[in-house]
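Novice:
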Amino acid sequence: MAYDLASPTDLSALSSGVSWWYNWSPSPNAAVPTDYATRYGMVFYPMLWNGSFNAADIVTYLKANPTIQYMLVLNEPNLVSQSNMTPQQAAQLWPQYEAIAAQTGVKIVGPAITWGTMTNYEDPVAWLDAFYAAYEAANSNRAPQIDYLAFHWYDYGLDAQLDRLTKYGKPFWVTEFANWHSQNDGAQIDTLAKQEAQMTDMVATCESRTDVFRYAWFTGRVSPDPHFSSLLGATGVLTDLGTLYLSLPMQ
Numbered sequence: 001m002a003y004d005l006a007s008p009t010d011l012s013a014l015s016s017g018v019s020w021w022y023n024w025s026p027s028p029n030a031a032v033p034t035d036y037a038t039r040y041g042m043v044f045y046p047m048l049w050n051g052s053f054n055a056a057d058i059v060t061y062l063k064a065n066p067t068i069q070y071m072l073v074l075n076e077p078n079l080v081s082q083s084n085m086t087p088q089q090a091a092q093l094w095p096q097y098e099a100i101a102a103q104t105g106v107k108i109v110g111p112a113i114t115w116g117t118m119t120n121y122e123d124p125v126a127w128l129d130a131f132y133a134a135y136e137a138a139n140s141n142r143a144p145q146i147d148y149l150a151f152h153w154y155d156y157g158l159d160a161q162l163d164r165l166t167k168y169g170k171p172f173w174v175t176e177f178a179n180w181h182s183q184n185d186g187a188q189i190d191t192l193a194k195q196e197a198q199m200t201d202m203v204a205t206c207e208s209r210t211d212v213f214r215y216a217w218f219t220g221r222v223s224p225d226p227h228f229s230s231l232l233g234a235t236g237v238l239t240d241l242g243t244l245y246l247s248l249p250m251q
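Per the UniProt record's numbering, residue 1 is the first one in the sequence shown, and the count goes up by one each step.
#1: Checking the sheet assignment: what are the DSSP bridge partners for residue 214?
#2: Residue range of the alpha helix (DSSP H) that residue 36 falls in?
#3: Look at the alpha carbon of residue 248 and the alpha carbon of residue 200, and state the distance between them as a whole number of angstroms.
#4: Check the C-beta distance from residue 72 over to residue 22 and give it rounded, since I have them as a contact under 8 Å.
#5: Taking the alpha carbon of residue 113 as the reference point, which residue from 31, 7, 124, 28 has its own alpha carbon closest?
#6: Can you list, in chain order, the residues of its chain whose CB lies under 6 Å from that of residue 31, leaving out five sequence neighbours each side?
#7: May I ask which residues mark the beginning and end of the beta strand (DSSP E) holding residue 100?
#8: State yes or no: is the C-beta of residue 118 within less than 7 Å of the C-beta of residue 174?
#9: Excluding sequence positions up to five away, which residues of its chain have a Cβ less than 6 Å from the Cβ of residue 216?
#10: Let me know the secondary structure DSSP gives residue 151 once reduced to three states.
#11: Quick one: residues in its chain with C-beta nearer than 8 Å to the C-beta of residue 99, no 5 flanking neighbours on either side, listed in chain order?
#12: From what residue to what residue does the beta strand (DSSP E) around residue 110 run?
#13: Kindly confirm or deny that the segment 8 to 22 and the segment 219 to 234 touch, where touching means at least three C-beta pairs closer than 8 Å.
#14: Residue 44 by DSSP, collapsed to three states: which one?
#15: Could you please give the first and the last residue of the uninterrupted beta strand (DSSP E) stretch that includes residue 72?
#16: Between 187, 250, 196, 214, which has its C-alpha nearest residue 240's C-alpha?
#17: Give me, in chain order, the residues of the same chain whose beta-carbon lies closer than 6 Å to that of residue 230; leave out the 5 immediate sequence neighbours on both sides.
#18: Of the residues 88, 182, 206, which one's Cα is nearest the Cα of residue 226?
#19: On a Cα-Cα basis, can you pick out the residue from 162, 185, 228, 189 that is closest to residue 209?
#20: Can you tell which of 48, 242, 202, 139 has its C-alpha closest to the C-alpha of residue 91?
#21: What is the DSSP secondary structure of residue 6, counted as helix, strand or coil?
#22: Check each candidate in 190, 189, 158, 194 and name the one with the smallest Cα separation from residue 204.
#23: For residue 149 versus residue 168, is the C-beta spacing smaller than 7 Å?
#24: Could you pull out every residue in the same chain whose Cβ sits closer than 8 Å to the Cβ of residue 213, ignoring the five residues on either side in sequence?
#25: Could you check if residue 166 is buried or exposed, using at least 16 other CB atoms within 10 Å of its CB as the buried criterion?
#26: Can you look up residue 22 in the DSSP assignment and give me helix, strand or coil?
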């Protein structure tokens with residue numbers, strides 16, 4: 001799941017059906033018990049949200065936690081309210097991610113692409129095409145190290161969106177998803193039952209595709225919650241949606 005888990009009781013409540021989480025930062029919340037992996041059977045994956053990180057500290061952390069095999073990078077670069085990074089800027093940054101991976105053996109998961117708000121790069125394919133071109137031009141035609149491509153989606157049609165990205169030949173992590181369709185067109189998600197149906201469908205899509213390696217529902221707890229997407233209510237208590245999420249089949 002995509003959420004800054006902090007409460008041991010939240011972790012315990014989720015542990016029967018959630019195998020991993022991330023919180024958009026390089027380390028777990030300080031309130032998470034240090035033995036979380038053995039206590040809850042859940043893995044934390046760090047994220048380098050943009051270029052603001054100390055590479056030496058990240059390498060030290062990853063070497064001290066060798067069970068962490070994946071590193072998420074670059075959150076929604078074509079959203080100006082998120083990491084807000086042009087393809088050319090991301091191409092300049094990417095070798096820093098690759099250097100950390102080379103020193104630690106972790107796999108690179110990202111960029112976490114979506115439909116965005118950046119002029120000329122609203123379409124994730126347009127952003128990725130330009131990113132590949134800029135990186136290859138600066139690196140003797142070598143393609144960037146992308147071990148897994150991340151994607152975020154909040155509407156109908158997840159399967160078709162992933163199909164558009166198969167051209168890059170990468171397995172996927174769907175690192176944020178829910179259905180927040182809000183247009184007043186009869187298809188808006190405005191009841192728990194509608195979100196439950198969408199969760200069931202979207203999880204089935206992820207589970208049925210051989211190119212989806214990991215996925216993470218967004219979110220744990222949010223208020224207000226007009227689309228009924230919170231997995232947690234009171235501390236340590238699952239919502240009805242959370243109970244459904246834990247019950248859905250997973251491989």
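We put the beta carbon where it would ideally sit given N, CA and C, even for glycine. Fair warning: this is a prediction, and the values are worked out from it, not measured in the lab.
Specialist: In brief:
#1: 173
#2: 36 to 40
#3: 7 Å
#4: 6 Å
#5: 124
#6: 6
#7: No beta strand (DSSP E) holds residue 100; the alpha helix (DSSP H) holding it covers 87 to 104.
#8: no
#9: 1, 2, 175
#10: strand
#11: 55
#12: 107 to 113
#13: yes
#14: strand
#15: 70 to 73
#16: 196
#17: 221, 222, 239
#18: 182
#19: 162
#20: 139
#21: coil
#22: 158
#23: yes
#24: 148, 171, 172, 173
#25: exposed
#26: strand
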